[in-house]
Amino acid sequence: MRAALPAVLPLALSLAFAAPQALAYTVYVSNEKSNDVTVIDGETLEVIKTIDVGQRPRGITISPDGKELYICASDDDTVQVFDTETLELKHTLPSGPDPELFVLHPSGNPLYIANEDDNIVTVVDVIERRVLAEIPVGVEPEGMGVSPDGKTVVNTSETTNMAHFIDTETFELHTNVLVDSRPRFAQFTADGSKLYVSAEIGGTVSVIDPSSGEITKKITFEVPGIAPEALQPVGVRVTSDGKKVFVALGPSNRVAVIDGETDEVKDYLLVGQRVWQLGFTPDEKYIFSTNGNSNDISVIDVEAEKVIKSITVGEQPWGVVVSPN
Amino acid sequence: MGRKMLQARLLGALGALTVTFGVVAPTWAQDVKLTLDAAVIRVDAGDELPLSRLDLPPDNDAFAGAERATADNATTGRFLGHAYETRLIDTTPEEAVVAVEGLAGEGVRFFVSLGQADTLLAIADKLSEIAPQAIVMNAGARDDRLRNDDCRANVFHVVPSRAMLADGLAQYMVWKKWTDWVIVHGSNPADVAMGEAYQRAATKFGIEVAGTLVFEDTGRARRSDSGHVLVQRQVPVFMQDAADHDVVVVADESAYFGSYIPYRTWDARPVVGDAGLEALSWHPAHESWGATQLQRRFERDQSRRMTEHDYDTWVALRVLGEAVTRTNSADPAEIAAYLRSDAFEIAAFKGQALTFRPWNQQLRQGVLLADGKLVVSVSPQEEFLHEKTRLDTLGYDEPESTCSFN
């Protein structure tokens, strides 16, 4: 041990100095059908490893310190927590039945999980590993978003067609906003001034003012030669400056690029087949899309608004998250 | 999948039996501002037993779907102050109109009918006399005449028509290039009508019907010990003179012979239609587009699988619930206007929004093609294009419809 130290230290130092170019972030993709997670080097964009996880992994997120990877193992009715250093399973969290999507409080605790079968959102303390609350919401809870100040969690219910605003202190619902059919995803802007809610079957993204609960705009989509019913918005991500919004459009195989100031669609990027979820790199240089029916992810250059690469992953990639460091 | 509605004779003998199903709202819910009072009318036509005991319909067939839909509607309604009450009515073709009349007298304006065509028409016509604003959701009658010459303005069709199902199957057959058919249909009127729907689909999609055989219903027992011995000898002989074909299409709505055809044909050919690969509105193995969620919450409550009748009834009541949610009204005229408007759409686990055809008030929807265990495909097939929506490649499209409400 002692002998090894001098050798390690200079290497660590040189890495630290090289940091601006060599970002050591890692990309994790949950593969719903192959029951594994593909681990990709964020710099080389090459697959490093594939790790076996529980059955039907869908929702995937990471702790703010980057040390813990959370995966909804839907058919095992549990959330698995992996150590990102060793890629070993650390423990599982009680999740309620059939967890699909979740969101971590900005502080890293607790975790808010949508339980599709029971019309509830389960709140789980990730340190004590216990359920803090079960909050009744609409039919088929799915999308989960959290406000940047951590005071509000928004859940979308796919058959009730609402965005439910939950107070994170009292666990009470204080606002319910009716949106279009089958809302799948809720995403706040970094300043908390806007909430985007996608409606998969309705084909729209509602822009909601979180302070009033009013829908200020409905974004619609149109691509020549693509049947309107194939333009099904699912995953939504917004750059931290709020200027660009990306929306995954399901079986149309497109990701829409939206001007975050006017909320007008600027462009449609062709990605892989049945695109559902999106994830930024921490520097927001790239955004990745999971393409469920072509078993790959597309790498989109955020500045250039161009797809630059696709990476083959496992079967039916569902979600993607990138380590913050 | 048994399409037919059988039920305990006891209920029929006792006459109409009414069960009201409501949902108790939690204390934190909004105060109730309005209530949708609906009735599901199940009509026992005294049908025969199915060939397979696996196809015996559950006692609460359709009603279980109604309970699920009422609970789903109520969950949404709690946020808006909307309550839902659904009456479950068991009746017979003879007593159905009287039962509906009584309900209309009590103020019910929303009906879901699981009756066959003549019963549905009798209900709709009686209602147009005594309660002109009342709406009937057709969840049981697949007859194309109800969407054409015999259409009624107070009827919305949730169940797919025979032509929609036949077209869905035909499109997949074209995709497979199995385009030489032999049609085998039964001798009862429903079987003949289904056979005509397959013939129409064949003509529509350029399929060659090499021959048509009729399997006579001689009224013999559906089941007998060691019955397979005879069937094994009879069916190949029945089929041996059929012209060359790729596939056997069975039309057997009465469900008295269809299941005898697979594995017993003269030539080694796949069987589709009312046996083998079936065109259905629902299947308990359907999992796409979030369908698993509905299957699981249904199964958890009912300890059985969800049938087509359960699903069609669920859709009928969800359509009404969706209209109440969006219009903030339980007024039948407002609900009907909303269902006819461009604003109406519903998600029902078919991968795209379902809407009503304005010319005949038929719900547009995809058709599942399933064998006993899995959904093999879902039509419309993507190669079949349409100027408005590919869903209109199934069934009677606007130019050929003899009904035009719009």
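In order, the protein sequences belong to chains A and B.
Reminder that position 119 of the first sequence reads as 118 in numbering that gives the first Met the number 0, one-by-one numbering, no gaps.
Reminder that position 217 of the second sequence reads as 216 in numbering that gives the first Met the number 0, one-by-one numbering, no gaps.
Backbone N, C-alpha and C fix where the C-beta goes; we use that ideal spot for every residue, glycine too.
Annotation: A/V270 to A/D295 spans about 9 Å, alpha carbon to alpha carbon. Restricting attention to A/K217, A/K48 and A/E31, the CA atom closest to the CA of A/T85 is found in A/K48. Chain order gives no chain B residues near A/G313, where near means a beta carbon separation below 9 Å; the closest approach is about 19 Å.
Under the DSSP assignment, A/T174 falls in the beta strand (DSSP E) whose first and last residues are L172 to L177.
Spanning the alpha carbons of B/I260 and A/P135 requires a straight line of approximately 50 Å.
Where A/F187 is concerned, the enclosing beta strand (DSSP E) starts and stops at P182 to F187. Spanning the alpha carbons of A/E304 and A/E42 requires a straight line of approximately 19 Å. One finds I200 and E228 in chain A with Cβ atoms closer than 7 Å to the Cβ of B/Q351, taken in chain order. Residue pairing from DSSP places A/E133 in a beta bridge opposite A/T121. Taking 8 Å as the cut-off, the Cβ atoms of B/S160 and B/R146 count as close. In this structure, the straight-line span from the alpha carbon of B/E84 to that of B/D71 is close to 12 Å. Only residues of its own chain outside the window of five on either side were considered, and among them V249, G257, S258, I260 and P261 have a CB closer than 6 Å to the CB of B/A274, listed in chain order. The beta carbon of A/E157 sits closer than 8 Å to some beta carbon of chain B.
Interface annotation, A/N175: in contact with chain B, CB-CB separation under 8 Å.
For B/S127, the enclosing alpha helix (DSSP H) begins and ends at A116 to I129. CA-CA distance, A/N175 to B/S400, rounds to 42 Å. Contact of B/I122 with chain A by beta-carbon distance below 8 Å is absent, the smallest such distance being about 29 Å. Runs of the alpha helix (DSSP H) lying entirely within the region 192-268 of chain B and spanning at least 4 residues, in chain order: 226-238. In its chain, beyond the 5 residues on either side, G80 have a beta carbon closer than 6 Å to the beta carbon of B/Q29. Look at A/R181: its C-beta is under 8 Å from a C-beta on chain B. Between the alpha carbons of B/P49 and B/V234 lies a gap of roughly 18 Å. Assignment of beta strand (DSSP E) within the region 92-116 of chain A, counting only whole runs of 3 or more residues, yields 98-103 and 110-114 in chain order.
Here B/P331 is near B/R108, since their CB atoms are less than 8 Å apart.
A/E115 reaches chain B at Q292, counting residues in chain order whose Cβ is nearer than 7 Å. The beta-carbon of B/A346 is placed less than 8 Å from the nearest beta-carbon of chain A. Considering only B/R199, B/E93, B/A346 and B/L293, the residue with the shortest C-alpha distance to B/Q170 is B/R199.
B/D71 has a beta carbon lying within less than 8 Å of a beta carbon in chain A.
An exposed status is given to B/L384, since fewer than 16 other beta-carbon atoms sit within 10 Å of its beta-carbon.
A/T91 and B/V314 have their alpha carbons spaced roughly 38 Å apart. Boundaries cannot be given for B/P159, as no alpha helix (DSSP H) includes it and DSSP labels it neither H nor E. Taking a cut-off of 8 Å for Cβ pairs, the region 50-59 of chain B and the region 113-120 of chain B do not touch, as fewer than three such pairs fall below it.
Taking a C-beta cut-off of 9 Å against chain B, the contacting residues of the region 106-131 of chain A are E115, D116, D117 and N118, listed in chain order.
Residue contact with chain A for B/T75: present (Cβ-Cβ distance below 8 Å to some residue of chain A). For the pair B/D179 and B/D243, the CB atoms are nearer than the 8 Å cut-off. About 5 Å separates the beta carbons of B/C150 and B/N359, which is inside the 8 Å limit, making them a contact pair. Contact between the region 132-143 of chain B and the region 368-378 of chain B is absent, with fewer than three C-beta pairs closer than 8 Å.
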